[in-house]
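Participant: Residue numbers (this note's numbering): -17 to 581.
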Ligand code: GTP
Ligand code: SPV
Ligand code: MN
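So, in structure tokens, the structure goes:
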């Protein structure tokens, strides 16, 4: 397909305008074919960006520049008309000012490169919940990854020609090539030139200078969360940083659960978990993003808008997440910033077997026992969701799946117990709004520090967080049948004891918590009301066989009143930053929590 074959004036003039500004050598309209994928991969092998793996079919290893390894939150901007619309938790820049900056950066930025135009769908192309996007990019790495992560399909062009809406996504690695200038294996721009920008009012994304993950695969965080959260607010639905799983009891009863944990806090693992509990089954709908609308049955239905997994590699093993291993072992995957074994496979920390020697993610020789990490902590695999051996049969159902429970959670070494059930929707929204987690390597800077990350959306909400809380309350208040709203729970797999050891085994044993949640959603399962919410009654989780000491069980299953009282001032300060935009209901929840803790 050529530019001249496109009929939609809006689409055609948008592509033309960017190609005039970026001055690529050529413009290629992508079709989503296997031939196109293979051609991109071959190009990347030739450029030294990709290495074809001998040990996994049709799979490649990729090493990025050392400066381009994760999302750059400091360089991410919401360019709404007013600063207030972006709220206190986003970097804001006036749209007109940002456009001047971007114009300067993009001028001639694709010289010596090919400009790809990727037509893609978030959600199955024919689903009424799906939304379309076009990503302009000068990175064949992005094209290959988008092929896996989204549904790339040139049939979308005809739909746009016929009037369908689309989100405009523009991306450049920001590394133009002068005549005869050789390319580098991972072109990108220095940190101060990187700009990941969003224009919520015009549904546009413009990203410059990074080739990695959420900075560059614009269908994911930029579109499916930052822009979609604004669309969801305007249209009355939810766009959330949530996995979706299907849970089947030994009696064959099914419930769907969605869970919001911050980046690198266990979504992919929970979504594909192999339960350490006989008779129970977990299957995957999605591992990162959920789009939800009320269905004709009055229940909240979720779709996974993605088509693949961009999963954290370190820590993934046959022991921790066998289904992720089986997914990537089938091949057709891209491994970014993993180490390479000498026989042509990938390696990362936590894998089942450690090789004597390998080449680390920075292309240096690495020896077993070395203190340096072989793989970058945010090394990732890109793999097709359809290859997951436990993908649920409903995963592409255009109507979505009805959600029975929401889980919120994060990494908390102290204070927060294993599981806590909200008293009702409003209390659940309070739990989501006051989520906090120790930071991980998924974003550059701050790893290990505790920060508030409401609904795991801190870096992903495209508008004022206070209004986002209000939107959640409105969704509850406007539910067609409030008795059919999902129940809300708060979980913490990461509690540590005084020796600094995780006290909960996690992974497959998280099924024990899912079982209790399942039972609570069926009106069964024993709980005790506490100051912070409903905790499992003693023995309700059935942990006797796990060999957890009484002291550690105490940490997991009781309320640390002093600990909570000590963090109350931080919770207060966190909520106060939203000023007059903080919903009154949440201020009331805070006061009620304080009163209960002091009672
Ligand atoms: P993003 O893709 O960044 O959104 O991350 P995610 O939320 O999908 O996190 P993921 O499942 O990839 O897990 C991140 C890290 O947490 C991995 O190193 C896991 O091994 C580890 N992890 C996941 N679940 C558990 C658990 O139950 N207990 C412990 N201790 N670690 C876990
Ligand atoms: C996350 O950071 O939450 C991710 C990885 O899922 S990225 O696509 O880089 O955003
Ligand atoms: Mn994520």
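A virtual CB, placed ideally from N, CA and C, is assigned to each residue, including glycine.
Taking the alpha carbon of residue 269 as the reference point, which residue from 198, 445, 377, 214 has its own alpha carbon closest?
Facilitator: Counting from one through the chain shown, the residue named residue 269 turns up at place 287. Answer by Cα proximity: 377.
Participant: Count the other C-beta atoms from every protein chain shown that fall within 10 angstroms of the C-beta of residue 575, then say buried if there are 16 or more, exposed otherwise.
Facilitator: Sequence index remark: in the chain shown, residue 575 carries index 593 (1-based). Buried is the call here.
Participant: Locate the beta strand (DSSP E) running through residue 362, then write down its first and last residues.
Facilitator: The count along the chain shown starts at 1 and reaches residue 362 at position 380. Element bounds for residue 362: 362 to 366.
Participant: For residue 223 versus residue 242, is the C-beta distance shorter than 8 Å?
Facilitator: As a first step, residue 223 must be located in the chain shown, where it is residue number 241. As a first step, residue 242 must be located in the chain shown, where it is residue number 260. Cβ atoms of residue 223 and residue 242: closer than 8 Å.
Participant: Counting C-beta neighbours from all protein chains within 10 Å, is the total for residue -5 16 or more, i.e. buried, or is it exposed?
Facilitator: On the chain shown, position 13 is the one that residue -5 refers to. Per the 10 Å Cβ criterion, exposed.
Participant: Can you tell me whether residue 393 sits near the ligand SPV, meaning its C-beta is under 7 Å from at least one heavy atom of the ligand?
Facilitator: On the chain shown, position 411 is the one that residue 393 refers to. For the ligand SPV, not one heavy atom lies less than 7 Å from the Cβ of residue 393.
Participant: Would you say residue 439 faces chain D, with C-beta separation under 8 Å as the test?
Facilitator: Here there is only one protein chain, and chain D is not present.
Participant: In the DSSP assignment, the beta strand (DSSP E) including residue 42 goes from what residue to what residue?
Facilitator: Position 60 of the chain shown, counted from the start, is the residue given in the question as residue 42. Its beta strand (DSSP E) spans residues 42 to 44.
Participant: Do residue 208 and the ligand SPV come close, with the Cβ less than 7 Å from some heavy atom?
Facilitator: Counting from 1 along the chain shown, the entry for residue 208 is found at position 226. No, Cβ of residue 208 sits at least 7 Å from all heavy atoms of the ligand SPV.
Participant: How would you label residue 310, buried or exposed, when you count the other beta carbons within 10 angstroms and need 16 or more for buried?
Facilitator: Here residue 310 is taken as the residue at index 328 of the chain shown, counted from 1. Residue 310 should be labelled buried.
Participant: Following the continuous beta strand (DSSP E) through residue 8, name the residue where it begins and the one where it ends.
Facilitator: Here residue 8 refers to the residue found at position 26 of the chain shown. Its beta strand (DSSP E) spans residues 8 to 11.
Participant: Residue 523 to residue 213, Cα distance in whole Å?
Facilitator: Working through the chain shown from its first residue, we reach residue 523 at position 541. Working through the chain shown from its first residue, we reach residue 213 at position 231. Roughly 40 Å separates the two Cα atoms.
Participant: Can you give the beta carbon distance from residue 258 to residue 491, rounded, assuming they're within the 8 Å contact cut?
Facilitator: The residue labelled residue 258 in the question sits at position 276 within the chain shown. The residue labelled residue 491 in the question sits at position 509 within the chain shown. Rounded, the Cβ-Cβ distance is 5 Å, consistent with contact.
Participant: Unbroken beta strand (DSSP E) runs of length 3 or more, entirely within the region 279 to 346: which are they?
Facilitator: The region 279 to 346 contains these whole beta strand (DSSP E) runs: 282 to 285, 290 to 294, 316 to 318, 321 to 323, 339 to 341.
Participant: For a quick check, are the C-beta atoms of residue 3 and residue 88 less than 8 Å apart?
Facilitator: Working through the chain shown from its first residue, we reach residue 3 at position 21. Working through the chain shown from its first residue, we reach residue 88 at position 106. Cβ distance < 8 Å, so residue 3 and residue 88 count as in contact.
Participant: Is residue 196 near residue 393, with beta carbons less than 8 Å apart?
Facilitator: As a first step, residue 196 is located in the chain shown; it is residue number 214 there, counting from the start. As a first step, residue 393 is located in the chain shown; it is residue number 411 there, counting from the start. It is not a contact, given that the beta carbons lie outside the stated cut-off.
Participant: Looking at the ligand SPV, does it come within less than 7 Å of residue 199, judged from the CB to the closest heavy atom?
Facilitator: Reading the chain shown from its first residue, position 217 is the one you call residue 199. Within the cutoff, so yes.
Participant: Less than 7 Å separating the Cβ of residue 379 from some heavy atom of the ligand MN?
Facilitator: Taking the chain shown and counting its residues from 1, the one referred to as residue 379 is at position 397. Residue 379 Cβ: outside cutoff for every heavy atom of the ligand MN.
Participant: Could you please go through the chain and list the residues whose beta-carbon is closer than 6 Å to any non-hydrogen atom of the ligand ADP?
Facilitator: As for the ligand ADP, it is missing from this structure, which binds only the ligand GTP, the ligand SPV and the ligand MN.
Participant: So does residue 498 have its beta carbon nearer than 7 Å to some heavy atom of the ligand GTP?
Facilitator: Position 516 of the chain shown, counting from 1, holds the residue named residue 498. Result no, Cβ not under 7 Å from the ligand GTP.
Participant: For the structure I just gave you, are there three or more beta carbon pairs, one from the region 333 to 344 and one from the region 57 to 76, closer than 8 Å?
Facilitator: With a cut-off of 8 Å, the region 57 to 76 and the region 333 to 344 do not count as touching, because too few Cβ pairs lie within range.
Participant: Look at the Cβ atom of residue 154, then the Cβ atom of residue 91, and state whether they are nearer than 8 Å.
Facilitator: As a working note, residue 154 is residue 172 in the chain shown. As a working note, residue 91 is residue 109 in the chain shown. Closer than 8 Å, so yes.
Participant: Determine the contact status of residue 14 and residue 287, defining contact as a CB-CB distance below 8 Å.
Facilitator: Taking the chain shown and counting its residues from 1, the one referred to as residue 14 is at position 32. Taking the chain shown and counting its residues from 1, the one referred to as residue 287 is at position 305. The answer is no: Cβ separation not under 8 Å.
Participant: Check whether the Cβ atoms of residue 170 and residue 422 lie closer than 8 Å to each other.
Facilitator: The residue given as residue 170 occupies position 188 in the chain shown. The residue given as residue 422 occupies position 440 in the chain shown. No, these two residues do not count as a Cβ contact at 8 Å.
Participant: For the ligand GTP, is there any heavy atom lying closer than 7 Å to the beta carbon of residue 488?
Facilitator: Taking the chain shown and counting its residues from 1, one reaches residue 488 at position 506. The answer is yes for residue 488.
Participant: Sort 113, 11, -11, -14 by Cα distance to residue 380 and report the nearest one.
Facilitator: As a position in the chain shown, residue 380 is number 398, starting the count at 1. Per the Cα distances, 113.
Participant: What distance in whole Å lies between the Cβ atoms of residue 177 and residue 57, which are believed to be in contact at a cut-off of 8 Å?
Facilitator: Position 75 of the chain shown, counted from the start, is the residue given in the question as residue 57. Position 195 of the chain shown, counted from the start, is the residue given in the question as residue 177. Yes, they are in contact, since the Cβ atoms of residue 57 and residue 177 sit about 6 Å apart, within 8 Å.
Participant: Determine the burial state of residue 147: buried for a count of at least 16 other Cβ atoms within 10 Å of its Cβ, exposed for fewer.
Facilitator: On the chain shown, position 165 is the one that residue 147 refers to. So residue 147 counts as exposed.
Participant: At what residue ranges does the region 23 to 80 contain a whole run of the beta strand (DSSP E), taking only runs of 3 or more?
Facilitator: You should have 32 to 34, 42 to 44, 58 to 60.
Participant: At a threshold of 7 Å, does residue 358 count as lining the ligand MN (C-beta to nearest heavy atom)?
Facilitator: Taking the chain shown and counting its residues from 1, the one referred to as residue 358 is at position 376. No, Cβ of residue 358 sits at least 7 Å from all heavy atoms of the ligand MN.
Participant: Residue 17: which of 299, 108, 135, -8 sits nearest, CA to CA?
Facilitator: Along the chain shown, read from residue 1 onward, the residue named residue 17 stands at position 35. Residue 135 is the option with its Cα nearest to residue 17.
Participant: Measuring CA to CA, which of 274, -7, 473 is closest to residue 145?
Facilitator: Counting from 1 along the chain shown, the entry for residue 145 is found at position 163. Checking every option, the nearest Cα to that of residue 145 belongs to -7.
Participant: How should residue -14 be labelled, buried or exposed, when 16 other C-beta atoms within 10 angstroms of its C-beta is the threshold for buried?
Facilitator: Residue numbering aside, residue -14 sits at position 4 when the chain shown is read from its first letter. Label assigned to residue -14: exposed.
Participant: So for residue 180, helix, strand or coil by DSSP?
Facilitator: Position 198 of the chain shown, counting from 1, holds the residue named residue 180. Strand, per DSSP.
Participant: Roughly how many whole angstroms lie between the Cα atoms of residue 96 and residue 305?
Facilitator: In the chain shown, counting from the first residue as 1, residue 96 sits at position 114. In the chain shown, counting from the first residue as 1, residue 305 sits at position 323. For residue 96 and residue 305, the distance between alpha carbons rounds to 37 Å.
Participant: Could you check whether the region 264 to 283 touches the region 197 to 208, counting it as contact only if at least three pairs of C-beta atoms, one from each stretch, sit closer than 8 Å?
Facilitator: Yes: at least three Cβ pairs fall under 8 Å.
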